[in-house]
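Worksheet: the structure to be examined is printed underneath.
Number of protein chains: 2
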Amino acid sequence: MNMCLDCIPCFVRQAVDAVRLSGAPEEEQNRLMQRILQWLADIDLRLPPPAASQRIHRRLRALLPTDDPYFASKKHHNDLAARLVPSIRRRIAASHDPLAMAVRYAITGNIIDLGAKNNVGFGEIYSELQSAPMQPVFGDLNVFKEKLLRAQTILYLADNAGEIFFDRLLIEQLVHAKVTLAVRGAPVLNDATRSDARQARIDEIAQIIDNGSDAPGTLLDDCTEDFRRRFDEADLIIAKGQGNYESLSEAHREVFFLFRTKCPVISRHSGFSMGTYVAANRQSEPHTPGGGA
Amino acid sequence: MNMCLDCIPCFVRQAVDAVRLSGAPEEEQNRLMQRILQWLADIDLRLPPPAASQRIHRRLRALLPTDDPYFASKKHHNDLAARLVPSIRRRIAASHDPLAMAVRYAITGNIIDLGAKNNVGFGEIYSELQSAPMQPVFGDLNVFKEKLLRAQTILYLADNAGEIFFDRLLIEQLVHAKVTLAVRGAPVLNDATRSDARQARIDEIAQIIDNGSDAPGTLLDDCTEDFRRRFDEADLIIAKGQGNYESLSEAHREVFFLFRTKCPVISRHSGFSMGTYVAANRQSEPHTPGGGA
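Chains A and B supply the protein sequences, listed in that same order. At the far end of the first sequence sits residue 293, using our numbering, and the numbering has no gaps. At the far end of the second sequence sits residue 1293, using our numbering, and the numbering has no gaps.
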């Protein structure tokens, strides 16, 4: 999908966050923001949002005193998630449909998204996890479950740090398949990289690869040849989060998107209301909740 | 108060709204946004937010096909409020402390603020009005009520269209005093002008003046000499909304601010939590709810 005017305030907010998190002195922060606004004035509004965001954050990192301003946030969310997952794992095991329940919790984890808002605290994550079992999943949960169970090879595109611990819980349900987890090729926003996947110990149950790109999404042309081959060959692609949806909503093959709608632009484009749990491919009807547990 | 980096995404969102509401063709909207981003890159970050906003919207209006992009929104909110106030007036009259209750509803009306967010619908206003009687008012409601009852001349600085109908309900309680209602000198955002004050029929119970300025706040240096004289001479100043707080928080005389905290910058500066009902002067302790009904 292409960006629209509503994406611009969000890019500006992301830039303010990154500049703040970098620890640069205040005067320098102001100068940096002025430069970012100048760049934004020249940006091509026909790009998908992750391509615009990639350019902004790549340039920012070149100027900031750190090339990973979200490092501490990512560690914080990984630590938080690590404390929460053992009890969630038990809840999934006790459910009458563990696979559907694991899908729900994987979607819940998608609220840990510092691209969509600038702070996600323990209270918010905890209360979301309490409501997760009752959340209707919109899209095609039953079709998704069938495809999950039939697939022999699954390529799972991760989204954010912290969230990736909840992705692990879903991958734990997929013992019948060979799962490959793909993370970003370099730090951007709070998106998960290899280090986050290892912190979630996903290497014990799946192969971890990176896509070679520093976009907060999956821009296929910007990914490695190896990644693109796996993308073409996997029986099933699971794409987590809004950034992957923004970059793959018109992909040349079927992709199953799992995300929480957190911005009105995605909500309008996908047809799913704000705040909805979504498990859908391009054929899914947005207006009816899917079946499943 | 001065603006901070967090104000910039909000200015950009306001500009997107104004450009959209103007009805300019899409290609033209994109070009306009690019120009706005260029201006913003040059803006002086030491300005108070309403001064920055004033400059942006003044330049915008010069380029847009309309000099009042919020005209239809203001009419919509005035019509909505006109339908709601008769029942609110009865609730105030039936309260055991009508003055405190009228203050609460005047603060509730402050959610109709298209500077702070881009859409405020009937459902949101209606549900806020239901909860208004139970809302604790933070600051110094008792001190404010005493000052209201003692004042012989009151200058009431209005904020937004729609909201101004709820201001009328508070002014109706002030029959003992000579009340002057001041509106903006020209359209900016959805801020109330003379036409909105007349739609709320405030001319029947108070004198209406304008401050001569097109800032979404009260920048004294930018107001008429007549306004400044009244500002100095009134026994009591009531300043509605965040824009008036932003521009008068360091004023040379006492001002009583009535607003709902709707943005983290105001919340940090004033010390009142997000979403709080506030009736406070500069001496008020932010962390305890005031007394009153």
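Just so it is clear, CB atoms sit at the ideal spot from N, CA and C, and this is done for glycine as well. Predicted, not measured: the structure shown is a model, and the values here were computed from it.
Could you compute how far the alpha carbon of residue i sits from the alpha carbon of residue j?
| i | j | result |
| --- | --- | --- |
| residue 25 of chain A | residue 32 of chain A | 10 Å |
| residue 1151 of chain B | residue 1237 of chain B | 10 Å |
| residue 293 of chain A | residue 176 of chain A | Low confidence applies here, because residue 293 of chain A scores a pLDDT of 39, under 50, leaving its location unreliable and the question unanswered by this model. |
| residue 1209 of chain B | residue 1251 of chain B | 20 Å |
| residue 116 of chain A | residue 262 of chain A | 7 Å |
| residue 20 of chain A | residue 12 of chain A | 12 Å |
| residue 282 of chain A | residue 182 of chain A | 21 Å |
| residue 296 of chain A | residue 1072 of chain B | Given that chain A is displayed from residue 1 to residue 293, the structure contains no residue 296 of chain A and the question cannot be resolved. |
| residue 105 of chain A | residue 168 of chain A | 10 Å |
| residue 4 of chain A | residue 220 of chain A | 21 Å |
| residue 202 of chain A | residue 1124 of chain B | 43 Å |
| residue 198 of chain A | residue 179 of chain A | 15 Å |
| residue 1255 of chain B | residue 1272 of chain B | 17 Å |
| residue 1159 of chain B | residue 1137 of chain B | 19 Å |
| residue 1009 of chain B | residue 10 of chain A | 7 Å |
| residue 1285 of chain B | residue 1006 of chain B | 25 Å |
| residue 1114 of chain B | residue 200 of chain A | 43 Å |
| residue 253 of chain A | residue 232 of chain A | 8 Å |
| residue 1062 of chain B | residue 1068 of chain B | 10 Å |
| residue 47 of chain A | residue 222 of chain A | 13 Å |
| residue 1266 of chain B | residue 1045 of chain B | 16 Å |
| residue 1227 of chain B | residue 1028 of chain B | 38 Å |
| residue 1298 of chain B | residue 1157 of chain B | Any answer about residue 1298 of chain B is impossible in this case: the structure gives chain B only from 1001 up to 1293. |
| residue 1143 of chain B | residue 1074 of chain B | 33 Å |
Looking at the secondary structure, which residues open and close the beta strand (DSSP E) in which residue i lies?
| i | result |
| --- | --- |
| residue 157 of chain A | 153–157 |
| residue 238 of chain A | 236–240 |
| residue 279 of chain A | 277–280 |
| residue 1137 of chain B | 1137–1139 |
| residue 47 of chain A | Where residue 47 of chain A is concerned, there is no enclosing beta strand (DSSP E), given that its DSSP letter is neither H nor E. |
| residue 1260 of chain B | 1256–1260 |
May I ask which residues mark the beginning and end of the alpha helix (DSSP H) holding residue i?
| i | result |
| --- | --- |
| residue 1217 of chain B | No alpha helix (DSSP H) contains residue 1217 of chain B, which DSSP labels as neither H nor E. |
| residue 20 of chain A | 7–21 |
| residue 253 of chain A | Neither: residue 253 of chain A is in no alpha helix (DSSP H) and is coded neither H nor E. |
| residue 1133 of chain B | Careful: residue 1133 of chain B lies outside any alpha helix (DSSP H) and carries neither H nor E. |
For residue i versus residue j, is the C-beta spacing smaller than 7 Å?
| i | j | result |
| --- | --- | --- |
| residue 277 of chain A | residue 135 of chain A | yes |
| residue 111 of chain A | residue 260 of chain A | yes |
| residue 975 of chain B | residue 1017 of chain B | With chain B covering 1001 to 1293 only, the question about residue 975 of chain B has no answer from this structure. |
| residue 241 of chain A | residue 224 of chain A | no |
| residue 1249 of chain B | residue 1217 of chain B | no |
| residue 1139 of chain B | residue 1239 of chain B | no |
| residue 1121 of chain B | residue 1166 of chain B | no |
| residue 1155 of chain B | residue 1234 of chain B | yes |
| residue 81 of chain A | residue 162 of chain A | yes |
| residue 1173 of chain B | residue 1102 of chain B | yes |
| residue 41 of chain A | residue 1060 of chain B | no |
| residue 1145 of chain B | residue 1099 of chain B | yes |
| residue 1057 of chain B | residue 1188 of chain B | yes |
| residue 107 of chain A | residue 258 of chain A | yes |
Under the rule that 16 or more other beta-carbon atoms within 10 Å means buried, what is residue i, buried or exposed?
| i | result |
| --- | --- |
| residue 153 of chain A | exposed |
| residue 128 of chain A | buried |
| residue 149 of chain A | exposed |
| residue 1191 of chain B | buried |
| residue 264 of chain A | exposed |
| residue 229 of chain A | exposed |
| residue 1291 of chain B | Since pLDDT at residue 1291 of chain B reaches only 44, below the 50 mark, its modelled position is unreliable, and no value is offered. |
| residue 1130 of chain B | exposed |
| residue 94 of chain A | exposed |
| residue 86 of chain A | exposed |
| residue 1274 of chain B | exposed |
| residue 49 of chain A | buried |
| residue 214 of chain A | buried |
| residue 23 of chain A | exposed |
| residue 1052 of chain B | buried |
| residue 126 of chain A | exposed |
| residue 1096 of chain B | exposed |
| residue 1065 of chain B | exposed |
| residue 14 of chain A | buried |
| residue 1207 of chain B | exposed |
| residue 90 of chain A | exposed |
Using 6 Å as the cut-off, classify the Cβ of residue i as near or not near the heavy atoms of the ligand PLP, replying yes or no.
| i | result |
| --- | --- |
| residue 12 of chain A | For the ligand PLP, the structure offers nothing, since it holds no ligand at all. |
Ignoring anything shorter than 4 residues, give me the alpha helix (DSSP H) runs that lie fully in the region 163–209 of chain A, in order along the chain.
163–171, 194–199
For a minimum of 4 consecutive residues, which ranges assigned as the alpha helix (DSSP H) are wholly contained in the region 1106–1131 of chain B?
1122–1131
In the region 21–97 of chain A, which residue ranges form an unbroken beta strand (DSSP E) of at least 3 residues, counting only runs that do not cross its ends?
none
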